[in-house]
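Beneath this line is the structure, given in structure tokens, with notes to follow.
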Amino acid sequence: MKPFQYLRPKTVAEAISMAADYPEAQYMAGGTNLVELMKRGIASPSKLIDINHLPLKKIEHRYDRLRIGALALNSDVAKHKSVLSRQPLLAQALLAGASGQLRNMATVGGNLLQRTRCSYFYDLALPCNKRKPGSGCGAEAGINRTHAIFFAGNGFGGNEKSSCIAVHPSDMCVALTALDTEVVINGTGGERRVLLKDFHRLSTLQPELDTNLQPGELVTAIEVTDNAFAQHSHYLKIRDRASYAFALVSVAAALQMDGGRIWDARMALGGVAHKPWRYWAIDLMLRGQAPSEKLFREVAEHEMQSAKATAQNAFKIKLTSNAIVAALKAATGIS
């Protein structure tokens, strides 16, 4: 680990000012991902800005939305009464991620910003466009069983070929993407908001950039607008082992039902793309329909038409299709 200067601001404005003054600085909260990257020599910030003392831990419902501070711990969010009653899909996703010990340290903001767990990214001896742009993607012709099946430009090899086939590791972000969450960001130009679907990037140009944050900007909160999905939502995570493991495929399904029919539907997929993959056509395909396995199978197969397997992960296409059907059945309560 290279030497660095440790800074501890007292206010959000002071933290932003520190980052603006030092372009190579990085913010640190729980450090569950950043510290590991620093130990491996992948991240080498000259300044480490510890934001743990900033007032960004509050979880509250106000007006028509649930606001969660960026420093709220994943474990606290998962058990908060407003989350459980209003956005249970988020609680389900958080409890499916990491381990109890890590959830007690990891923050919401850190979860948003965690980097891929691709082994080629973590091994400094192997090529990786995300770690060193232009060096090549080792996974493309290597071990790619856990890698992406959805890409920009209508699939891998489409109009916008991916320069990185790694997947986004977060469970929380998959649920939040399905719920049309807004990310609250502060910087030298003031506050701005961006939908989570636009926060993360696909890996066409500049694969080293995971998000659309500008230099020095700080995520201060996320906000989820009230919805009618609480009674019919489900997070399904499929992984190699039941304990701490990242998703091979995950599905966040959120439905509004009335009179035995579906009137609104949102879905996002995890473990299949460089960022949480939003299934945009699902609302139109399900709206006004009575739930059935046949309908859900048609919905799943429609999305899989744009999937593209690499050498070792063709199984993910069928697995994702089956996971979509299973998540929709669980959300609607049909057997």
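If you read the sequence shown in my numbering, its first letter stands for residue 250, the second for the next number, and so on.
Yeah, the Cβ is synthetic: ideal placement off N, Cα and C, and Gly gets one too.
Treat the numbers as computed from the prediction; the structure is a model and nothing was measured.
Item                                                                                                                                                                : Value
Would you call residue 384 buried or exposed, if buried means 16 or more other Cβ atoms sit within 10 Å of its Cβ?                                                  : exposed
Within the chosen definition, does the segment 462 to 469 reach the segment 417 to 436 through at least 3 CB pairs nearer than 8 Å?                                 : yes
Using the rule of at least 16 other Cβ atoms within 10 Å of the residue's Cβ for burial, across every protein chain shown, is residue 520 buried or exposed?        : buried
Check this for me: beta carbons of residue 425 and residue 454, under 8 Å apart or not?                                                                             : no
Considering only C-alpha positions, which residue in the set 302, 272, 556 is nearest to residue 293?                                                               : 272
Could you tell me which residues DSSP puts in a beta bridge with residue 277?                                                                                       : 299
When the Cα atoms are used, what is the spatial distance from residue 405 to residue 414?                                                                           : The predicted model places residue 405 with a pLDDT of 37, which falls under 50 and marks its position as unreliable, so this point remains unresolved.
Given residue 497, which residues of its chain have a CB within under 8 Å of its CB, disregarding the five upstream and five downstream residues?                   : 395, 487, 488, 489, 520, 565, 568
What is the C-beta distance between residue 364 and residue 495, in whole angstroms, given that I count them as a contact (C-beta under 8 Å)?                       : With a Cβ gap of about 12 Å, residue 364 and residue 495 do not count as contacting.
Of the choices 281, 274, 505, 320, whose alpha-carbon is the least far from that of residue 298?                                                                    : 274
State the DSSP-derived secondary structure class of residue 364, mapped to helix, strand or coil.                                                                   : coil
Taking one C-beta from the segment 500 to 511 and one from the segment 456 to 465 each time, how about it: are there three or more such pairs within less than 8 Å? : no
Counting C-beta neighbours from all protein chains within 10 Å, is the total for residue 421 16 or more, i.e. buried, or is it exposed?                             : buried
Compute the beta-carbon to beta-carbon distance between residue 342 and residue 501, rounded to the nearest angstrom, for a pair I have assumed lies under 8 Å.     : 6 Å
Indicate whether residue 483 and residue 388 have their beta-carbon atoms separated by less than 8 Å.                                                               : no
Given a threshold of 16 other Cβ atoms within 10 Å of its Cβ, counted over all protein chains shown, does residue 523 qualify as buried or as exposed?              : buried
Write down the C-beta distance between residue 317 and residue 308 rounded to the nearest angstrom, noting that I regard them as a contact closer than 8 Å.         : 5 Å
For the alpha helix (DSSP H) containing residue 565, list its first residue and its last residue.                                                                   : 564 to 581
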